[in-house]
Amino acid sequence: MAKLLERQFILDCIAVRKICDDYSKANPKHGSIIPPYNGQLDPYAKSYFESLNIQKLLEKTGQTPPGTSIEGEIADRFIINGAPTDYIRRRNKNGCGHSKEIWGGH
Numbered sequence: 001m002a003k004l005l006e007r008q009f010i011l012d013c014i015a016v017r018k019i020c021d022d023y024s025k026a027n028p029k030h031g032s033i034i035p036p037y038n039g040q041l042d043p044y045a046k047s048y049f050e051s052l053n054i055q056k057l058l059e060k061t062g063q064t065p066p067g068t069s070i071e072g073e074i075a076d077r078f079i080i081n082g083a084p085t086d087y088i089r090r091r092n093k094n095g096c097g098h099s100k101e102i103w104g105g106h
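Under the working numbering, the first residue of the sequence shown carries the number 1, and numbering increases by one thereafter.
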């Protein structure tokens with residue numbers, strides 16, 4: 001089981017670092033690979049967002065579920081459909097990041 005998990009491990013740190021460095025020079029800063037926090041999707045905050053008062057407030061402020069993250073709708077859209085995410089998805093789908101030299105030494 002451990003060998004299978006090691007073989008499935010995807011090492012994206014170099015690709016992610018390069019993307020973060022490239023997008024660090026751009027404004028606004030929407031080049032993060034790590035998705036911004038969305039409290040409405042957090043399973044530990046589920047009961048809070050299910051309360052009637054909070055539901056009314058979310059409806060009043062236009063944050064009906066699933067709402068947006070702290071960064072806003074544009075950042076959410078960029079994380080889901082942006083060039084960095086698309087690059088990492090295509091890279092992983094085609095087997096890049098699976099280095100035998102890395103996982104073979106464990």
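From the three backbone atoms N, C-alpha and C, an ideal C-beta is built for every residue, glycine too. Please read these numbers as outputs of a predicted model, since none were measured by experiment.
Asked                                                                                                                         : Found
The alpha helix (DSSP H) enclosing serine 47, as first and last residue numbers                                               : 46 to 50
Delimiting residues of the alpha helix (DSSP H) encompassing isoleucine 80                                                    : 73 to 81
Nonlocal neighbours in the same chain, by C-beta distance under 8 Å from phenylalanine 19, ignoring five residues either side : Strictly speaking, residue 19 in this sequence is isoleucine, with phenylalanine absent from that position. Hits under 8 Å: Gly31, Ile33, Pro84, Tyr87, Ile88.
DSSP state of glutamine 55 mapped onto helix, strand, coil                                                                    : helix
Closest residue to isoleucine 108 among Arg90, Asn94, Pro35 (Cα-Cα distance)                                                  : Outside the shown range of the chain, which is 1 to 106, sits residue 108, and nothing can be said about it.
Residue range of the unbroken alpha helix (DSSP H) whose run includes alanine 26                                              : That residue, alanine 26, is in no alpha helix (DSSP H); it is neither H nor E in DSSP.
Which of helix, strand or coil DSSP assigns to aspartate 12                                                                   : coil
7 Å CB neighbourhood of methionine 1 in its chain, flanking five on each side removed                                         : none
Where isoleucine 19 sits in the DSSP three-state scheme                                                                       : helix
8 Å Cβ cutoff met for asparagine 38 and proline 66                                                                            : yes
Span separating the alpha-carbon of glutamate 71 from that of leucine 4                                                       : 36 Å
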